[in-house]
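>
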Amino acid sequence: MKAKLLVVDDEINIREGLKKALSLDGYEVEVAQDGQEALDKIDEGDIDLVITDLRMPRVSGEELMKEALSRYPYIPVIILTGHGTIENAVEAMRNGAYDFITKPLNIDKLSLIVNRALENSSLKRQNRELLLQLKKKYSFENIIGKSTPMKNVFETIELVAPSRANVLIYGESGTGKEMIADAIHHNSPREDKSYIKVHCAALPESLLESELFGHEKGAFTGAIARKRGRFELAHLGTLFLDEVGEIPSQIQVKLLRVIQEREFERVGGEIPLKVDVRIISATNKNLKEEVENGTFREDLYYRLDVVSIHVPPLRERRDDVPLMVHKFMEEFSKENNKEIEGITNAALQALVAYKWPGNVRELRNVIESIVVLTKGSIISEQDLPQYVLSRDEQSHLKIPSGVTLQEAEKRLILFTLQNTGGNKTKASEILNIGRKTLHRKLGEYGIA
Ligand SMILES: Nc1ncnc2c1ncn2[C@@H]1O[C@H](COP(=O)(O)OP(=O)(O)OP(=O)(O)O)[C@@H](O)[C@H]1O
Ligand SMILES: [Mg+2]
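By our numbering, the letter at position 70 of the sequence shown is numbered 72, and the numbering carries on one by one without gaps.
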């Protein structure tokens with residue numbers, strides 16, 4: 003596509019001359035005779051670059067540039083200037099002009115400047131779009147939830163994100179703690195600084211220490227070079243400490259110091275390094291209990307838990323399940339090129355009633371596997387895994403009083419078989435009887 007330039011000058015010769023010359027260079031060229039007309043044209047859209055004179059009636063070049071840059075910061079502005087107004091041109095550069103060129107005009111030179119400016123602005127635009135996409139990816143839009151507890155979580159994220167306060171996120175595995183940490187960082191003033199994650203349970207103590215704080219060459223066997231730690235990498239940005247409850251007490255001391263004094267030394271190093279890092283941590287433990295047990299330092303706990311966010315397990319916010327089911331269905335249908343139109347009420351009810359010990363992660367995985375495996379376009383109970391269907395109500399057998407022991411046994415055996423989908427080995431395991439005994443009893447009761 004041809005780039006569209008706008009040439010603004012009150013002298014018709016210059017306007018028309020530039021139009022002709024730049025059209026020959028392959029640009030589409032619009033003209034305007036003063037700043038006001040130019041602004042109107044820019045507002046109409048699709049102008050990629052502005053070339054403007056400074057002294058013009060009505061709205062001057064300076065005013066035009068100021069206004070254009072405030073409305074459309076990614077449209078480069080090039081200033082045309084006579085020798086008498088070079089100082090003004092320099093001033094314009096200071097105020098955001100891309101470049102200036104003096105009259106009489108050297109078209110080749112102008113053409114070069116235009117070319118460079120357009121390349122530069124398209125890069126800027128691309129970057130901006132990437133940033134917007136990233137932002138969208140991490141905004142709360144993709145954290146699904148409309149239940150009251152989730153609304154509270156969103157509200158806290160919004161309040162805490164702009165600050166520098168450390169945040170501790172509590173919640174069972176798979177409840178979305180990491181997503182929330184991401185949302186906080188990406189909605190904070192540190193969003194364009196680094197965001198570093200450390201999984202504290204994944205590393206043995208010695209490695210975790212050098213991972214967090216780095217080490218000097220020769221600090222220990224194997225330290226063949228100096229290594230920068232995660233704290234250094236996160237300088238000015240955010241550090242996410244996942245499973246912070248797993249940090250051994252040795253490292254807790256060092257962590258406390260870096261939070262309190264904003265400085266630390268690399269392992270084996272002596273020079274204190276200054277850092278400014280915001281810490282978001284997550285845990286599926288009850289840290290307060292850990293403090294009472296003496297396994298987690300109380301002073302550190304208070305430093306990390308300046309603001310706490312509790313993410314409830316999915317079974318305590320069942321209102322969110324239908325929405326999640328639909329969003330995940332949509333996501334995985336697209337990913338797998340499947341045309342899934344919907345889900346039956348009964349199937350949805352079963353999903354809502356299930357207790358989801360693995361929380362949202364489990365629900366997401368279940369929906370993915372259903373979408374991949376299903377042959378139909380409507381998801382029904384038959385598509386759900388057996389364990390989801392044997393929901394709470396179904397896992398209780400009601401036996402009224404007045405029934406004989408033999409009858410009760412018969413009913414329990416039948417019920418268990420139903421829940422195992424007719425699998426006798428599983429049923430005998432659950433009932434804690436041998437397979438042979440189960441067969442004999444089935445025969446006695448006349449059950450095929
Ligand atoms: N509210 C939500 N909306 C959409 N997806 C969610 C939500 N909560 C969690 N998920 C998804 O569930 C999975 C687990 O989320 P995440 O890793 O954030 O959980 P976690 O609490 O950090 O788990 P763990 O304690 O196991 O580390 C991810 O795939 C995430 O996309
Ligand atoms: Mg996690």
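Just so it is clear, CB atoms sit at the ideal spot from N, CA and C, and this is done for glycine as well. Only a predicted model underlies this, so the values are computations on that prediction, with no experimental measurement involved.
#1: Cβ of Q254 within 8 Å of Cβ of L302?
#2: Hey, would you say the C-beta of G247 is under 7 Å away from at least one heavy atom of ligand 1?
#3: Is it right to say S124 is buried, meaning 16 or more other beta carbons lie within 10 angstroms of its own, or is it exposed?
#4: Would the beta-carbon of K179 be found less than 7 Å away from any heavy atom of ligand 2?
#5: Take every Cβ of the stretch 171-181, pair it with every Cβ of the stretch 310-321, and state whether three or more of those distances are shorter than 8 Å.
#6: Keeping to the same chain, check which residues put their C-beta closer than 6 Å to that of G271; ignore five residues upstream and five downstream.
#7: Could you give the first and the last residue of the continuous alpha helix (DSSP H) run that contains I372?
#8: Between the Cα of G47 and the Cα atoms of L440, Y74, Q38 and L66, which residue gives the shortest distance?
#9: Using alpha carbons as the reference points, say which of G98, E32 and A23 lies closest to D110.
#10: Measure the alpha-carbon distance for A99 versus S196 and round it to whole angstroms.
#11: Looking only at its chain, what residues have a beta carbon closer than 8 Å to the beta carbon of R413, apart from the 5 residues adjacent to it on each side?
#12: For L214, which of F242, N189 and I77 has the nearest alpha-carbon?
#13: Exposed or buried, what is R96 when buried is set at 16 or more other beta-carbons lying within 10 Å of its beta-carbon?
#14: Specify, as a first and last residue, the run of the beta strand (DSSP E) that A221 falls within.
#15: Which term fits I88, buried or exposed, when burial requires 16 or more other beta carbons within 10 angstroms of its beta carbon?
#16: Going along the chain, which residues of its own chain have a beta-carbon closer than 7 Å to the beta-carbon of V368, five neighbours each way excluded?
#17: Could you name the residues of the same chain whose beta carbon sits closer than 8 Å to that of P274, not counting the 5 residues immediately before and after it, in chain order?
#18: Is the beta carbon of R320 within less than 7 Å of some heavy atom of ligand 1?
#19: Look at the Cβ atom of I53, then the Cβ atom of V9, and state whether they are nearer than 8 Å.
#20: Hey, out of K443, L132, A185 and A349, whose CA is closest to T158's CA?
#21: Shorter than 7 Å, the distance from the beta carbon of D184 to the closest heavy atom of ligand 2, or not?
#22: So, with DSSP's three-state summary, where would you put R57?
#23: Does E337 come out as helix, strand or coil in the three-state DSSP assignment?
#24: Closest to N288 by CA distance: which of E248, R259 and R320 is it?
#25: Just grab the DSSP bridge partners of E30 for me.
#26: When the Cβ atoms of the stretch 338-354 are set against those of the stretch 379-386, are three or more pairs found closer than 8 Å?
#27: Compare the beta carbon distance of L71 and V79 with 8 Å and say whether it is the shorter of the two.
#28: Looking only at its chain, what residues have a beta carbon closer than 8 Å to the beta carbon of L433, apart from the 5 residues adjacent to it on each side?
#29: Based on DSSP bridge pairs, tell me the residues matched to S310.
#30: Cα separation between I484 and P106?
#31: Under 8 Å Cβ to Cβ from I77, same chain only, skipping five residues before and after it: list those, please.
#32: Which same chain residues, not among the five before or five after N421, have their C-beta less than 6 Å away from its C-beta?
#33: Using the three-state DSSP reduction, which class does L416 fall into: helix, strand or coil?
#34: What do you reckon, are the CB atoms on G86 and L66 nearer than 8 Å?
On the basis of the data shown:
#1: Numbered from 1 along the sequence shown, position 252 holds the residue referred to as residue 254. Numbered from 1 along the sequence shown, position 300 holds the residue referred to as residue 302. Yes; because the gap between Cβ atoms is below 8 Å, this pair is in contact.
#2: Position 245 of the sequence shown, counted from the start, is the residue given in the question as residue 247. The answer is no for G247.
#3: Sequence index remark: in the sequence shown, residue 124 carries index 122 (1-based). Classification for S124: exposed.
#4: Position 177 of the sequence shown, counted from the first residue, corresponds to residue 179. Yes; taking the cut-off as 7 Å, the Cβ of K179 has a heavy atom of ligand 2 nearer than that.
#5: yes
#6: Translated into the one-based positions of the sequence shown, residue 271 becomes position 269. Same-chain partners within the cutoff: E218.
#7: Residue 372 sits at position 370 when you count from the first residue of the sequence shown. Residues N361 to L375.
#8: Here residue 47 is taken as the residue at index 45 of the sequence shown, counted from 1. Ranking L440, Y74, Q38 and L66 by Cα distance to G47 puts Y74 first.
#9: Residue 110 sits at position 108 when you count from the first residue of the sequence shown. Of the candidates G98, E32 and A23, the one whose C-alpha sits nearest the C-alpha of D110 is A23.
#10: To locate residue 99, count along the sequence shown from 1; it is residue 97. To locate residue 196, count along the sequence shown from 1; it is residue 194. Each residue's Cα considered, the two are about 30 Å apart.
#11: As a working note, residue 413 is residue 411 in the sequence shown. Taken in chain order, the residues that qualify are L399, I401 and V405.
#12: In the sequence shown, the residue the question calls residue 214 occupies position 212. Nearest C-alpha to L214: F242.
#13: Taking the first residue of the sequence shown as position 1, residue 96 is located at position 94. Exposed: under 16 other Cβ atoms inside 10 Å.
#14: Position 219 of the sequence shown holds residue 221. No beta strand (DSSP E) contains A221, which DSSP labels as neither H nor E.
#15: Taking the first residue of the sequence shown as 1, we reach residue 88 at position 86. Counting Cβ neighbours within 10 Å, I88 comes out exposed, since fewer than 16 surround it.
#16: Along the sequence shown, one-based indexing puts residue 368 at 366. Excluding positions up to five away in sequence, the list reads P387 and V390.
#17: Mapped onto the sequence shown, residue 274 falls at position 272. For P274, where only same-chain residues beyond five positions count, the Cβ hits under 8 Å are E265, F266 and E267.
#18: As a working mapping, residue 320 is identified with position 318 in the sequence shown. Checking the Cβ of R320 against ligand 1 gives no.
#19: Locating residue 53 in the sequence shown gives position 51, counting from the first residue. Locating residue 9 in the sequence shown gives position 7, counting from the first residue. Yes, these two residues count as a Cβ contact at 8 Å.
#20: The residue you call residue 158 lines up with position 156 of the sequence shown. The candidate whose alpha carbon is nearest that of T158 is A185.
#21: Against the sequence shown, residue 184 aligns to sequence position 182. No, the beta carbon of D184 sits no closer than 7 Å to any heavy atom of ligand 2.
#22: Indexing the sequence shown from 1 puts residue 57 at position 55. Residue state, collapsed to three classes: coil.
#23: Numbered from its first residue, the sequence shown carries residue 337 at position 335. Residue state, collapsed to three classes: helix.
#24: On the sequence shown, residue 288 is found 286 positions in, with the first residue counted as 1. Nearest option by C-alpha distance: E248.
#25: Taking the first residue of the sequence shown as 1, we reach residue 30 at position 28. BP columns for E30 point to K6.
#26: yes
#27: By 1-based counting over the sequence shown, the position of residue 71 is 69. By 1-based counting over the sequence shown, the position of residue 79 is 77. In contact: L71 and V79 (Cβ atoms closer than 8 Å).
#28: The sequence position of residue 433 within the sequence shown is 431, counting from 1. For L433, where only same-chain residues beyond five positions count, the Cβ hits under 8 Å are L414, I415, T418 and L440.
#29: Numbered from its first residue, the sequence shown carries residue 310 at position 308. Partner(s): L170.
#30: Only positions 3 to 450 of the chain appear in this structure, which leaves residue 484 out of reach.
#31: Working through the sequence shown from its first residue, we reach residue 77 at position 75. For I77, where only same-chain residues beyond five positions count, the Cβ hits under 8 Å are I44, I49, D50, L51, V52, A70, L71 and S123.
#32: Reading the sequence shown from its first residue, position 419 is the one you call residue 421. Once the five neighbours on either side are set aside, the close Cβ partners of N421 are S392.
#33: By 1-based counting over the sequence shown, the position of residue 416 is 414. L416 falls in the helix class under three-state DSSP.
#34: Counted from its first residue, the sequence shown places residue 86 at position 84. Counted from its first residue, the sequence shown places residue 66 at position 64. For G86 and L66, no; Cβs fall outside 8 Å.
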